[in-house]
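First residue of the sequence shown: 668, per this note's numbering; consecutive thereafter.
These notes concern the structure reproduced below.
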Amino acid sequence: MGEAQMIDRRALLAGGMAGLVLPEMARAAPAGVPASGRLAFEVQRAGKSLGSHALTFRRNGDVLSVEVLVALAYKVGPVTLYHYNLHVTERWAGGEVVSMESQTNDNGTKYKVSARREGGALMVEGNAVPRYAAPANALPATHWNRHELDGPWINPQDGKIIRPAVAARGVENVPTASGSMRARRYALTGAVKMDMWYDEDGVWSGLAFVKSGAEVRYLRK
668 MGEAQMIDRR
678 ALLAGGMAGL
688 VLPEMARAAP
698 AGVPASGRLA
708 FEVQRAGKSL
718 GSHALTFRRN
728 GDVLSVEVLV
738 ALAYKVGPVT
748 LYHYNLHVTE
758 RWAGGEVVSM
768 ESQTNDNGTK
778 YKVSARREGG
788 ALMVEGNAVP
798 RYAAPANALP
808 ATHWNRHELD
818 GPWINPQDGK
828 IIRPAVAARG
838 VENVPTASGS
848 MRARRYALTG
858 AVKMDMWYDE
868 DGVWSGLAFV
878 KSGAEVRYLR
888 K
């Protein structure tokens with residue numbers, strides 16, 4: 668794929684049985700819903716725009732719906748060498764994720780994932796993964812919910828489980844689309860190698876990783 672490999676698909680982005688008590692972190696209220704109901708990032712590679720990553724949050728009583736739209740394109744002049752589109756819809760109720768639907772076009776390769784809570788288990792299936800019960804503390808790797816860092820991830824692209832190692836690195840300045848802000852950095856290693864930032868309210872504030880010698884960075888708008 669050559670230059671198209673500059674994006675780490677896993678970065679763009681991770682069950683118990685009925686009657687079991689889920690871990691407290693799986694039942695904790697989602698952390699990181701912005702007051703505005705919207706969160707958006709400009710995605711850059713080596714300082715040049717690749718596209719956007721936007722999230723919309725809607726509440727209806729106890730139900731939280733989250734829509735994620737990612738649109739990226741790597742071009743050399745007028746020629747597009749790589750494109751990536753992801754659309755995810757999550758539904759939360761009672762402090763836990765109850766469903767997730769996703770569709771991905773990864774440079775022409777298409778994926779679909781569906782997850783539904785059945786009793787105490789979140790059942791996941793897709794065209795790249797057989798049906799399985801996700802670990803009780805697994806969350807979709809859509810990055811807005813800081814509790815995602817507390818357990819394994821369900822990769823919204825292909826539905827596979829990812830288990831990164833996470834280390835808190837303290838509060839620092841992180842660049843944004845309009846300057847910088849204070850946020851806590853988490854360094855991820857192992858299955859995923861990248862840095863993620865969350866502000867004092869737990870709202871996702873940035874992401875960065877290196878691929879093929881170039882930095883890919885999310886700049887919060």
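C-beta atoms are modelled at their ideal positions from N, C-alpha and C, and glycine is treated no differently.
Under a three-way DSSP split, which group does residue i fall into?
{"i": "His810", "result": "coil"}
{"i": "Glu815", "result": "helix"}
{"i": "Asp729", "result": "coil"}
{"i": "Pro697", "result": "coil"}
{"i": "Val737", "result": "strand"}
{"i": "Gln824", "result": "coil"}
{"i": "Val642", "result": "Only positions 668 to 888 of the chain appear in this structure, which leaves residue 642 out of reach."}
{"i": "Ser879", "result": "coil"}
{"i": "Val870", "result": "coil"}
{"i": "Ala702", "result": "coil"}
Can you name, in chain order, every residue of its own chain whose Cβ lies under 6 Å from the Cβ of residue i, other than the five neighbours on each side?
{"i": "Val883", "result": "Arg712 and Phe876"}
{"i": "Ala721", "result": "Ala707 and Leu736"}
{"i": "Thr756", "result": "Glu734 and Glu768"}
{"i": "Asp862", "result": "Arg852, Ala854 and Ala875"}
{"i": "Glu839", "result": "Arg852"}
Give me the Cα-Cα distance between residue i and residue j, rounded to the nearest whole angstrom.
{"i": "Val743", "j": "Ser716", "result": "12 Å"}
{"i": "Gly787", "j": "Arg852", "result": "32 Å"}
{"i": "Leu886", "j": "Arg783", "result": "32 Å"}
{"i": "Ala702", "j": "Glu815", "result": "20 Å"}
{"i": "Leu874", "j": "His810", "result": "9 Å"}
{"i": "Lys777", "j": "Val765", "result": "24 Å"}
{"i": "Arg725", "j": "Lys888", "result": "19 Å"}
{"i": "Lys779", "j": "Met790", "result": "14 Å"}
{"i": "Val710", "j": "Val841", "result": "14 Å"}
{"i": "Glu792", "j": "Ala881", "result": "33 Å"}
{"i": "Met692", "j": "Val833", "result": "Only weak support exists for where Met692 lies, its pLDDT of 36 falling under 50; the value from the coordinates is given anyway. In a straight line, the C-alpha of Met692 is about 16 Å away from that of Val833."}
{"i": "Ser781", "j": "Thr771", "result": "12 Å"}
{"i": "Asp773", "j": "Arg798", "result": "22 Å"}
{"i": "Ser732", "j": "Gly762", "result": "12 Å"}
Looking only at its chain, what residues have a beta carbon closer than 7 Å to the beta carbon of residue i, apart from the 5 residues adjacent to it on each side?
{"i": "Tyr865", "result": "Gly699, Arg813, Ala850, Arg851, Trp871 and Ser872"}
{"i": "Ile829", "result": "Arg677, Ala681, Ala808, Pro819, Trp820, Asn822, Ala858 and Val859"}
{"i": "Gly869", "result": "Ala698, Gly699 and Arg813"}
{"i": "Asn794", "result": "Tyr778 and Lys779"}
Between residue i and the rest of its own chain, which residues show a CB-CB distance below 8 Å, the 5 nearest in sequence each way excluded?
{"i": "Ala740", "result": "Leu717, Gly718, Thr747, Tyr749, His750 and Tyr751"}
{"i": "Val730", "result": "Arg758, Trp759 and Ala760"}
Locate the beta strand (DSSP E) running through residue i, then write down its first and last residues.
{"i": "Pro831", "result": "Pro831 to Thr843"}
{"i": "Ser769", "result": "Glu763 to Asp773"}
{"i": "Ala889", "result": "As shown, the chain starts at 668 and ends at 888. That puts residue 889 outside it, with no answer to give."}
{"i": "Asn752", "result": "Val746 to Ala760"}
{"i": "Ala805", "result": "Neither: Ala805 is in no beta strand (DSSP E) and is coded neither H nor E."}
{"i": "Asp862", "result": "Met861 to Tyr865"}
{"i": "Gly857", "result": "Gly846 to Gly857"}
{"i": "Lys888", "result": "Segment: none, Lys888 is in no beta strand (DSSP E) and carries neither H nor E."}
{"i": "Ala788", "result": "Ala788 to Gly793"}
Considering only the alpha carbon of each residue, which of the options lies closest to residue i?
{"i": "Thr843", "options": "Pro697, Gly714 and Gly704", "result": "Gly714"}
{"i": "Asn727", "options": "Val710, Asp817, Glu709 and Gly704", "result": "Gly704"}
{"i": "Ala801", "options": "Gly775, Asp817, Gly826 and Pro831", "result": "Gly826"}
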